[in-house]
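So the sequence shown is numbered by this note's numbering: it starts at 21 and just counts up by one.
For each residue, glycine too, the CB sits at the ideal point set by N, CA and C.
Everything numeric in this text was worked out from a predicted model, so none of it was measured.
The structure under discussion appears below in the form of structure tokens.
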Amino acid sequence: MHLVLTRATRADIPEIVDLHYKTITGPLCEVLIGLDTEEGRRKAVQRWLQEMDRSSAHMWFKVLDSDTNRIVSVAHYMVYSNWVPLIPPQVNMDWLPKGEIRDAAEDITRQHIKQRAERLQGQPHILLNRLFTDPDYQKRGAGRMLVNWGCKLADRLFVPVFLIASSIGEPLYRSCGFKEVDRPLVRNHRYDFTGTVMHREAREPVELL
Numbered sequence: 021m022h023l024v025l026t027r028a029t030r031a032d033i034p035e036i037v038d039l040h041y042k043t044i045t046g047p048l049c050e051v052l053i054g055l056d057t058e059e060g061r062r063k064a065v066q067r068w069l070q071e072m073d074r075s076s077a078h079m080w081f082k083v084l085d086s087d088t089n090r091i092v093s094v095a096h097y098m099v100y101s102n103w104v105p106l107i108p109p110q111v112n113m114d115w116l117p118k119g120e121i122r123d124a125a126e127d128i129t130r131q132h133i134k135q136r137a138e139r140l141q142g143q144p145h146i147l148l149n150r151l152f153t154d155p156d157y158q159k160r161g162a163g164r165m166l167v168n169w170g171c172k173l174a175d176r177l178f179v180p181v182f183l184i185a186s187s188i189g190e191p192l193y194r195s196c197g198f199k200e201v202d203r204p205l206v207r208n209h210r211y212d213f214t215g216t217v218m219h220r221e222a223r224e225p226v227e228l229l
């Protein structure tokens, strides 16, 4: 097994969507990407391709197993090297069926966007929005490669990195220099998005000789 980190392209998105469904299951997956059906996967591919087309902030990276050429780990970074005021996104999760599931998913998403905006708006930063690794490749260094890459980019830009960690991912992030700053409650009757908000400080100025 030889792992290689590189930039993900539009052509990779269908495989990335399939990996997301393999890696993240249960109610959380409904909010993050949609129902696990053929139509749900197709719509997820469409949305993520549209995100890539509409904003230069979205940057996807992948780790390949060069022996099989399979994507085994993925990171989705949102890079705001210069802060430009953003219009709050309209939450319309029309890829979910109308009714209780969609209403609950839209409610939890609004809560999440609100608390994230309160912390991040107004400052250049990098947000690690998604990180997931094939269960067959976990604990082999793929996720760490992607986290360290983002940290190196942040150091070159002199900006902090933020993320919201699950209990599974938190030890990895701590080992990469992230610290807990908050644990806001983000939940409703169906979904619980409560996670640990973590922060890695911006690099100090570099003195040139």
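Query	Result
Could you check where the beta strand (DSSP E) with serine 93 kicks off and where it finishes?	90-100
Report the option in His209, Val226, Val179, Gly163 whose CA atom is closest to the CA atom of cysteine 196.	Gly163
My assumption, with CB atoms under 8 Å, is that threonine 214 sits in contact with valine 206. Please give the rounded CB distance.	5 Å
Taking the beta strand (DSSP E) that methionine 218 falls in, what are its first and last residues?	216-220
Can you tell me which of the three DSSP states tryptophan 115 falls into?	coil
Roughly how many angstroms separate the alpha carbons of valine 111 and glutamate 224, rounded to a whole number?	37 Å
In terms of residue numbering, what span does the beta strand (DSSP E) encompassing aspartate 123 cover?	That residue, aspartate 123, is in no beta strand (DSSP E); its alpha helix (DSSP H) goes 120-140.
Work out the CA separation of alanine 124 and valine 92 for me, nearest whole Å.	31 Å
Please classify arginine 220: is it buried, with 16 or more other beta-carbons within 10 angstroms of its beta-carbon, or exposed?	buried
Grouping DSSP H, G and I as helix and E and B as strand, with all else coil, what is methionine 79?	strand
Looking at the ligand GDP, does it come within less than 7 Å of methionine 165, judged from the CB to the closest heavy atom?	The model on display carries no ligand, and the ligand GDP is accordingly not part of it.
Identify the residues that DSSP records as bridge partners of valine 24: which are they?	Leu84
Please state the DSSP three-state secondary structure of asparagine 247.	Any question about residue 247 goes unanswered here, given that the chain covers just 21 to 229.
Whose C-alpha, out of Lys134, Asn168, Pro34, is nearest the C-alpha of leucine 148?	Asn168
What is the residue span of the beta strand (DSSP E) that aspartate 202 lies within?	199-202
Please state the DSSP three-state secondary structure of leucine 147.	strand
On the DSSP bridge list, what partners appear for isoleucine 184?	Val217
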